[in-house]
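Okay, structure first, notes after.
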Amino acid sequence: MLTLHHLNQSRSFRILWLLCELNTLYGTHFKVIKHNRTKSHLAPKELTDIHPMGKAPILVDETHGRTLAESGFIIEYLLRYYDTDGKLSPTDETWEDYAFWLHFAESSMMPPLVMRLIMSKVATKSPLLVRPIAKKIADKVEGLVINDNVAQSFGLLNAHLSDKDWIAGDFTGADVQAYFAVKALQSRGGLGSWDNLKAWLIRCENRTAYKQAVEQGGKIFE
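Reminder that position 171 of the sequence shown reads as 171 in UniProt numbering, one-by-one numbering, no gaps.
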């Protein structure tokens, strides 16, 4: 039995989605334990009782006696041990695209979005007297660093999708992994003229397993 410890409105949605894909293809059984964020929008401390990282997603595989953290690793694990016919895995020909974009999503696409979120908190949560200065600093950092990194990384994926429906041949775990970053940017109106990313999001969200994941875990961004 697989058990996913899922945090609302978080990157753990991707693992729930992948589990739904595996269930659709193979009848893979799993259960979901939902956790809610604290008032400060952080993961609850109870997650550290399950894994020392204390962050979602956490996947418990009772069959193999393993407790796993980190989305990319969990995706690779699930494909290795549960995608028995390779229907969600790359072929030899598409492996390089798969591996590159699987890691690119978290190492290059997510960091500027996280930095942007932090800067917005600096600008709005600072003490009232220093808030104008904090906002100027945040705006400067966004203008000098964040915006160019967002344009570069998301523009690269948009270009990659110019002649293909999915990131690495057919739909794979790389699409699942990259989804959160692209959806996060879209939720803040940041996709602009990147029409290939918009079309790719629609294809992702039209998948039966994606809709099942939304029903079980809720939308990532309300």
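Cβ atoms here follow ideal geometry from the backbone N, Cα and C, with glycine treated the same way. The model shown is predicted, which means the values in this text are computed figures rather than measured ones.
Can you tell me whether residue i is buried or exposed? The criterion is at least 16 other CB atoms within 10 Å of its CB, across all chains shown.
i, result
"T172", "buried"
"S153", "buried"
"R11", "buried"
"K55", "buried"
"P52", "exposed"
"residue 224", "Because the chain in this structure spans residues 1 to 222, residue 224 falls outside the shown range and cannot be described."
"F221", "exposed"
"S107", "exposed"
"G189", "exposed"
If you compare alpha carbons, which of the options is closest to residue i?
i, options, result
"F180", "T3, M1 and I15", "I15"
"A159", "E215, A184, W95 and W200", "W200"
"E205", "V176, R188, G189 and G192", "V176"
"L42", "D49, N8 and K31", "N8"
"L157", "K198, D49 and L4", "K198"
"L117", "S187, H35 and K45", "S187"
"L4", "G27, L78 and K45", "L78"
"G27", "R37, D83 and K45", "D83"
"H29", "S193, E62 and R37", "E62"
"G192", "G155, S89, T94 and H103", "G155"
"P111", "I146, K211 and A213", "I146"
Have a look at residue i and residue j and give me their C-alpha separation to the nearest angstrom.
i, j, result
"A174", "S40", "31 Å"
"A178", "I167", "9 Å"
"H64", "I202", "35 Å"
"V60", "K219", "23 Å"
"V150", "A99", "20 Å"
"R80", "H6", "21 Å"
"V32", "I74", "15 Å"
"D97", "K183", "20 Å"
"K45", "T91", "40 Å"
Quick check on the DSSP output: the alpha helix (DSSP H) that includes residue i runs from which residue to which?
i, result
"A184", "G173 to S187"
"F104", "W95 to F104"
"K198", "D195 to E205"
"F13", "F13 to Y26"
"F30", "Per DSSP, F30 belongs to no alpha helix (DSSP H); it is in the beta strand (DSSP E), F30 to H35."
"D148", "N147 to H160"
"E215", "T208 to G217"
Between which two residues does the beta strand (DSSP E) harbouring residue i extend?
i, result
"R66", "R66 to A69"
"T3", "L2 to L7"
"I58", "I58 to D61"
Between the segment 65 to 73 and the segment 20 to 34, can you find at least three pairs of beta-carbon atoms closer than 8 Å? no
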